[in-house]
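S.K.: Handing you this structure, nothing more for now.
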Amino acid sequence: MLAAAAQPGAAGCAYSAGGMARWNISGDTVTLEERGRRSPTQWLRQNSLRIAVILGLAEAIAAWLYGFKFLMMVIGVAAVFGYLNIRHRLPNAVRRPLWVVMMAQAIAGLLVPAVYAGIAIAVVVGTIMLLVLILVMLGDRRR
Numbered sequence: 000m001l002a003a004a005a006q007p008g009a010a011g012c013a014y015s016a017g018g019m020a021r022w023n024i025s026g027d028t029v030t031l032e033e034r035g036r037r038s039p040t041q042w043l044r045q046n047s048l049r050i051a052v053i054l055g056l057a058e059a060i061a062a063w064l065y066g067f068k069f070l071m072m073v074i075g076v077a078a079v080f081g082y083l084n085i086r087h088r089l090p091n092a093v094r095r096p097l098w099v100v101m102m103a104q105a106i107a108g109l110l111v112p113a114v115y116a117g118i119a120i121a122v123v124v125g126t127i128m129l130l131v132l133i134l135v136m137l138g139d140r141r142r
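In numbering that gives the first Met the number 0, the protein residues as written are 0 to 142.
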């Protein structure tokens, strides 16, 4: 049992992988402290972009389903311009939540036209590929 405890990596062992004991050579006392609770403001600051993206995606899907495709883009532009005009006059406690809402509006305003642009690009690429394949097929006919 004593031999198992002296093995590197054994459970409950004070030895490192090289067989040497771990020493606190800094001279500082090592203490474990409980992590303090985060305030809601700190949590919002850390997760604001994630919240804005999720809200923006949800708004874009809702706008697409209910037919507010291009109105969402206008609302997004107006919301961002409005935020840029009033952000300096707002206290910090209001500025961050308002930033999340305005960023969600901007993301929703961008996603709806981006989907249509992606579909248009796919149609153009598909058409070019079909034209090239038709030319290949016509060239194969001559053989």
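We put the CB at the ideal spot given by N, CA and C, even for glycine. Since we're looking at a predicted model, the values are computed, not measured.
For the ligand NAD, is there any heavy atom lying closer than 8 Å to the beta carbon of residue 81?
M.R.: This structure simply doesn't include the ligand NAD, nor any ligand for that matter.
S.K.: Quick check on residue 90: does DSSP put it in helix, strand or coil?
M.R.: DSSP places residue 90 in coil when its eight states are reduced to three.
S.K.: Alpha carbon to alpha carbon, how far is residue 141 from residue 51? Give it in angstroms, no decimals.
M.R.: Each residue's Cα considered, the two are about 58 Å apart.
S.K.: Taking 8 Å as the cut-off, does the stretch 109-129 touch the stretch 49-67 (at least 3 CB pairs, one atom from each stretch)?
M.R.: Yes, the stretch 49-67 is in contact with the stretch 109-129.
S.K.: If I'm right that residue 75 touches residue 104 with Cβ under 8 Å, what's the distance once you round it to whole angstroms?
M.R.: That pair is a contact at about 5 Å.
S.K.: I need the straight-line Cα distance from residue 93 to residue 37, nearest angstrom please.
M.R.: Between residue 93 and residue 37, the C-alpha separation is close to 18 Å.
S.K.: Please tell me whether residue 47 and residue 95 are closer than 9 Å, where the distance is taken between their beta carbons.
M.R.: In this structure, residue 95 lies closer than 9 Å to residue 47 by Cβ.
S.K.: Since residue 81 is in the alpha helix (DSSP H), which residue starts that stretch and which ends it?
M.R.: Note, residue 81: alpha helix (DSSP H), 68-85.
S.K.: Rounded to the nearest angstrom, what separates residue 99 and residue 114 at their Cα positions?
M.R.: The alpha-carbon atoms of residue 99 and residue 114 are separated by roughly 22 Å.
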